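Here's the structure, in C-alpha cells; my notes come after.
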Amino acid sequence: MSRKEEYEAKTEALLLPIVEEKGYEMVDVEYVKEGSNWYLRAFIDKPGGITINDLEGVSRKLSDLLDEEDFISDAYILEVSSPGLGRPLKKDRDFDRSIGEEIEVHLYRSLNGNKQYVGLLKSYDKDTITIEDEDGSEIALDRVNVSLVRLTIDF
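Here the sequence shown is numbered in the working numbering, starting from 92 and rising by one per residue.
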C-alpha cells in the first residue's frame, strides 16, 4: 500500500463514524499534491444536498481527529466538500444510485474510434459498465479500460 493509499484509508476510517452519526454519506477521500501543496480532500453528501454548516461541522471534527492521530507526515490542507454536480462514480453505491442516469465514460484506449461515451447507465458489474446511447443501443465497456465515470451535467 502506498503512502497516499495509507493516508486515504486511515482518513476514511476516521471520517466514516462522523458522517454515519449525522446520516451523511462518505463519497470519497483523496490525498493529492497540487503544485507545492498537499491536499487531503473529503467528499461527503446527504439526501437533499449537503450544506455549508454540515461541511463545517464535519471538517472541525475530522481536523481534531487528524491532529490527535497525527499519521500524515507532510504539511497539508484539509478540504471537506460536496462531490459536486459532475461527481465521479467510483464505488458500487455510486453506480447503484446512478442506474438510469446519464453518465460520461472516459477510456484509456479507444473503442470503435471513441475514447469517450455518454449514455444512460443500464448496469455494471466488476468487469463491465453497460450504457445505452442516444440511439437506444447498448454498449458494454470493459472496466479495466475505463479511466473515469461521472454523472453528466445537464444545463
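Even for Gly, the Cβ is constructed at its ideal location relative to N, Cα and C.
Owing to the predicted nature of the structure, the values given are computational and were not obtained by experimental measurement.
inquiry  = Using only the alpha-carbon positions, how far apart do Glu150 and Ser127 sit?
reply    = As a first step, residue 150 is located in the sequence shown; it is residue number 59 there, counting from the start. As a first step, residue 127 is located in the sequence shown; it is residue number 36 there, counting from the start. For the record, residue 150 in the displayed sequence is Ser; it is not Glu. Distance from the CA of Ser150 to the CA of Ser127, rounded to the nearest whole angstrom, comes to 23 Å.
query = Of all the options Asp216, Ile194, Gly204, Ile109, which has the alpha carbon lying nearest to the alpha carbon of Leu239?
reply = By 1-based counting over the sequence shown, the position of residue 239 is 148. With distances taken between CA atoms, Leu239 lies nearest to Ile194 out of Asp216, Ile194, Gly204, Ile109.
query = Where do the N-terminal and C-terminal ends of the beta strand (DSSP E) with Thr219 fall, by residue?
reply = Stepping through the sequence shown from its first residue, residue 219 is reached at position 128. Thr219 -> beta strand (DSSP E) spans 219-223.
task = To the nearest angstrom, report how far apart Glu103 and Ile135 are at their CA atoms.
result = One-based indexing of the sequence shown puts residue 103 at position 12. One-based indexing of the sequence shown puts residue 135 at position 44. Straight-line Cα distance between these residues: approximately 11 Å.
query = Is it right to say Val171 is buried, meaning 16 or more other beta carbons lie within 10 angstroms of its own, or is it exposed?
reply = In the sequence shown, counting from the first residue as 1, residue 171 sits at position 80. Per the 10 Å Cβ criterion, buried.
key: Ser214 - containing beta strand (DSSP E), residue span   = Along the sequence shown, one-based indexing puts residue 214 at 123. From DSSP, the beta strand (DSSP E) with Ser214 extends over 205-215.
request  = Counting only the same chain and skipping the five closest in sequence on each side, list residues whose C-beta sits under 8 Å from that of Met92.
outcome  = Translated into positions along the sequence shown, residue 92 becomes position 1. For Met92, where only same-chain residues beyond five positions count, the Cβ hits under 8 Å are Ala100.
task = Could you spell out where the beta strand (DSSP E) holding Ser172 opens and where it closes?
result = On the sequence shown, position 81 is the one that residue 172 refers to. 167-172 is the extent of the beta strand (DSSP E) around Ser172.
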